[in-house]
Every structure is written in C-alpha cells, then in structure tokens.
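Peer 1:
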Amino acid sequence: SQELEQSPQSLIVQEGKNLTINCTSSKTLYGLYWYKQKYGEGLIFLMMLQKGGEEKSHEKITAKLDEKKQQSSLHITASQPSHAGIYLCGADYGWDDKIIFGKGTRLHILP
Amino acid sequence: NAGVMQNPRHLVRRRGQEARLRCSPMKGHSHVYWYRQLPEEGLKFMVYLQKENIIDESGMPKERFSAEFPKEGPSILRIQQVVRGDSAAYFCASSPEGGNQPQHFGDGTRLSIL
Chain C
1 SQELEQSPQS
11 LIVQEGKNLT
21 INCTSSKTLY
31 GLYWYKQKYG
41 EGLIFLMMLQ
51 KGGEEKSHEK
61 ITAKLDEKKQ
71 QSSLHITASQ
81 PSHAGIYLCG
91 ADYGWDDKII
101 FGKGTRLHIL
111 P
Chain X
112 NAGVMQNPRH
122 LVRRRGQEAR
132 LRCSPMKGHS
142 HVYWYRQLPE
152 EGLKFMVYLQ
162 KENIIDESGM
172 PKERFSAEFP
182 KEGPSILRIQ
192 QVVRGDSAAY
202 FCASSPEGGN
212 QPQHFGDGTR
222 LSIL
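First to last, the protein sequences are chains C and X.
Counted the way our numbering counts, the first sequence spans residues 1 to 111.
Counted the way our numbering counts, the second sequence spans residues 112 to 225.
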C-alpha cells in the first residue's frame, strides 16, 4: 500500500473559492514538503513542515502538520487561475535524505 | 541566481541506444538527487549523490542505469540500451549541506524511446 496518500486526486474549483488538499502518512513523519508542479514543468518548492502543530503560510497558501505528525493539509484561500497545477506532498521519514512523494492532486480553477 | 539546470529538456532515443541526462545543482549545493516520474504515477526516488560519492542508490534499477557526480562538472544519469519502459520525465534536485534542507528541483528531462 502507498506510504503517502493524497486526497482528492483531482479538484475543480470556481475562481475565488477556498479549497483544501490533504496528505496522510502511514508512518510518523520527520518532515513534510509541499511542492507545486505546472503541467510539463518542474517542481516549485512551497513549504516544509517539521514540528507537530506547525503551520506556515505563503501568500494565500497555508499548510499545517498535525500534532501526531501523520497528516498535513494545504489550504488555498480565494483561489486564482495561477493556483492551477499539480500539488505534491513529500515525506521525509528521517532515516535517509530521500523524499517519498504522494501521487499528487490536480487542481483546476474555473474562471 | 540560476536554479537547478537540467539538459536536455527533451531527449529522443531509439531502443538500444544510450541516454545521458545532465544536472547542474544550484550554486552552493553539494547534494544531488534523481527522481523519475512515469506517466500517471508519482515521483519515485532513484539515487542520492554527493561529490564523487553515491550515498543511496536504492531506487535505481539494478541494470543499465548508473549515476555519477564528479568533482568537476554536472551530475550525469546514464541509461544504457534504453527500452520503451524507460520513457519518463527525469527530475534532478539539489540541496545544500546540513540536515533539514529542502530539495530544489530542475525542470526535468523528458525522455522518449522510439
């Protein structure tokens, strides 16, 4: 089974609406990364969370790591067309330096 | 201030040929990672290198694939005798020394096998 599950797999949202993407780990996380990938392009680093209960914001995007460090949510407020893309969460389990990625959430913004 | 540079962006090879993918890390970064993204699948870790050393190659196929990060020059991911199943996007990431540092990704090389 997948170590890192993202939901939903895809999301269609009207411009201006809020939305949330979830990432759940089957194991305790050492760290959790959020990246955004535009179709056919590379990954853009958004945020890194390490402490249980930690919350970080960047412009209209907020991400939180729960106290048990097994789940993270990414919230976008007042979505814009520029938010469209694939959002990937990545797990750092602490015993090595590789990132284990979820399958991503495809976000479409309707004008 | 250049980010992670990968070239070529697109590479087409015939079955049986060799593919060489290059990655120059961000300035000041000494750790390089390669990932592969197959169609409709997530990013999968392949290999982690520091200058002249392979640290973790647990995600690399046992045959035909190799990686290096020489003292001078870019990191190279080499695929010998390519097969159709090697068609994918290959991403390189880099990070600086020290723990808890985020990895920054290049734009990838899209490999197509005819």
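Think of the CB as a built atom: it goes at the ideal place given N, C-alpha and C, for glycine as much as any other residue.
Predicted, not measured: the structure shown is a model, and the values here were computed from it.
#1: If residue 186 of chain X sits next to residue 137 of chain X, beta carbons under 8 Å apart, how far is it from one beta carbon to the other, in whole angstroms?
#2: What is the rounded straight-line gap between the Cα of residue 221 of chain X and the Cα of residue 196 of chain X?
#3: Cutting at 6 Å between CB atoms, please list the residues of its own chain near residue 184 of chain X, excluding the five before and the five after it.
#4: Could you tell me the alpha carbon to alpha carbon distance between residue 113 of chain X and residue 224 of chain X, rounded to whole angstroms?
#5: So is residue 201 of chain X in contact with chain C if we call contact Cβ pairs under 7 Å?
#6: Run through chain C and tell me which residues come within less than 8 Å of residue 213 of chain X, C-beta to C-beta.
#7: Could you name the residues that DSSP lists as bridge partners for residue 128 of chain X?
#8: Whole angstroms is fine: what's the gap from residue 72 of chain C's alpha carbon to residue 84 of chain C's?
#9: Under 8 Å Cβ to Cβ from residue 120 of chain X, same chain only, skipping five residues before and after it: list those, please.
#10: Look at the Cβ atom of residue 203 of chain X, then the Cβ atom of residue 117 of chain X, and state whether they are nearer than 7 Å.
#11: Do residue 46 of chain C and residue 34 of chain C have their C-beta atoms closer together than 7 Å?
#12: Spell out whether any CB of chain C is found under 7 Å from the CB atom of residue 188 of chain X.
#13: When you compare the CB of residue 180 of chain X with every CB in chain C, is at least one pair closer than 7 Å?
#14: Provide the residue span of the beta strand (DSSP E) that contains residue 46 of chain C, from first to last.
#15: Out of C:86, C:89 and C:80, point me to the one whose CA is closest to residue 110 of chain C's CA.
Peer 2: From the atom records:
#1: Taking the first residue of the second sequence as position 1, residue 186 of chain X is located at position 75. Taking the first residue of the second sequence as position 1, residue 137 of chain X is located at position 26. The beta carbons of residue 186 of chain X and residue 137 of chain X sit about 12 Å from each other, so the pair does not count as a contact at 8 Å.
#2: Within the second sequence, residue 221 of chain X is the residue found at index 110, counting from 1. Within the second sequence, residue 196 of chain X is the residue found at index 85, counting from 1. A direct Cα-Cα distance of roughly 13 Å separates residue 221 of chain X from residue 196 of chain X.
#3: Working through the second sequence from its first residue, we reach residue 184 of chain X at position 73. So no residue of the chain qualifies.
#4: Within the second sequence, residue 113 of chain X is the residue found at index 2, counting from 1. Within the second sequence, residue 224 of chain X is the residue found at index 113, counting from 1. Take the alpha-carbon of residue 113 of chain X and the one of residue 224 of chain X: they are about 30 Å apart.
#5: For the purposes of this step, residue 201 of chain X is taken as residue 90 along the second sequence, with counting starting at 1. Taking Cβ atoms only, chain C never reaches closer than 7 Å to residue 201 of chain X, which makes this a no.
#6: As a first step, residue 213 of chain X is located in the second sequence; it is residue number 102 there, counting from the start. Against chain C, a Cβ distance below 8 Å from residue 213 of chain X picks out 33, 45 and 48.
#7: As a working note, residue 128 of chain X is residue 17 in the second sequence. Bridge partners of residue 128 of chain X: none, in fact.
#8: Here residue 72 of chain C refers to the residue found at position 72 when the first sequence is read from its first residue. Here residue 84 of chain C refers to the residue found at position 84 when the first sequence is read from its first residue. Cα to Cα, the separation comes out at about 20 Å.
#9: Translated into positions along the second sequence, residue 120 of chain X becomes position 9. By the criterion of a C-beta distance shorter than 8 Å, residue 120 of chain X is surrounded in its chain by 218, 219, 220 and 221, once the five residues flanking it on both sides are discounted.
#10: Working through the second sequence from its first residue, we reach residue 203 of chain X at position 92. Working through the second sequence from its first residue, we reach residue 117 of chain X at position 6. Remark: C-beta atoms of residue 203 of chain X and residue 117 of chain X approach each other more closely than 7 Å.
#11: As a first step, residue 46 of chain C is located in the first sequence; it is residue number 46 there, counting from the start. As a first step, residue 34 of chain C is located in the first sequence; it is residue number 34 there, counting from the start. Residue 46 of chain C is a Cβ neighbour of residue 34 of chain C, given a cutoff of 7 Å.
#12: Stepping through the second sequence from its first residue, residue 188 of chain X is reached at position 77. With 7 Å as the cut-off, residue 188 of chain X does not count as an interface residue toward chain C.
#13: Counting from one through the second sequence, the residue named residue 180 of chain X turns up at place 69. No, no contact with chain C.
#14: Against the first sequence, residue 46 of chain C aligns to sequence position 46. Here the beta strand (DSSP E) through residue 46 of chain C covers 43-49.
#15: If you number the first sequence from 1, residue 110 of chain C lands on position 110. Nearest of C:86, C:89 and C:80 to residue 110 of chain C, Cα basis: C:80.
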